[in-house]
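First the structure, in the form of structure tokens, and then the observations on it.
Residue numbers (the numbering used here): 713 to 787.
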């Protein structure tokens, strides 16, 4: 039962930190100019249609989150 409590404690701490990071991103995300405008992001603009897919940004975030989660979980 002790391992179960420890696992849920770590999970709630991680979720709290994740919510704080997401909140900070929503507050200051528009001030970061390079984020979402990296080379490799797809943007198609027509007359009344705009398609935007931040491919390179998604890859970069995936790599960063993988490194952070591996550092947290493996301790």
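C-beta atoms are modelled at their ideal positions from N, C-alpha and C, and glycine is treated no differently.
Element boundaries [beta strand (DSSP E), containing residue i]
| i | result |
| --- | --- |
| residue 763 | 762 to 765 |
| residue 754 | 754 to 757 |
For residue j and residue i, the rounded distance between their alpha carbons
| i | j | result |
| --- | --- | --- |
| residue 763 | residue 753 | 11 Å |
| residue 784 | residue 765 | 29 Å |
| residue 782 | residue 723 | 14 Å |
| residue 721 | residue 745 | 36 Å |
| residue 786 | residue 725 | 15 Å |
| residue 776 | residue 738 | 18 Å |
For residue i: DSSP bridge partner residues
| i | result |
| --- | --- |
| residue 722 | DSSP, once it has assigned bridges, lists no residue as partnering residue 722. |
Near the ligand SAH: residue i beta-carbon under 6 Å from a heavy atom
| i | result |
| --- | --- |
| residue 766 | Absence of the ligand SAH from the depicted structure is noted, as is the absence of any ligand whatsoever, leaving it without description. |
Three CB pairs or more closer than 8 Å across the stretch 749 to 756 and the stretch 766 to 779
Contact holds: three or more Cβ-Cβ distances are below 8 Å.
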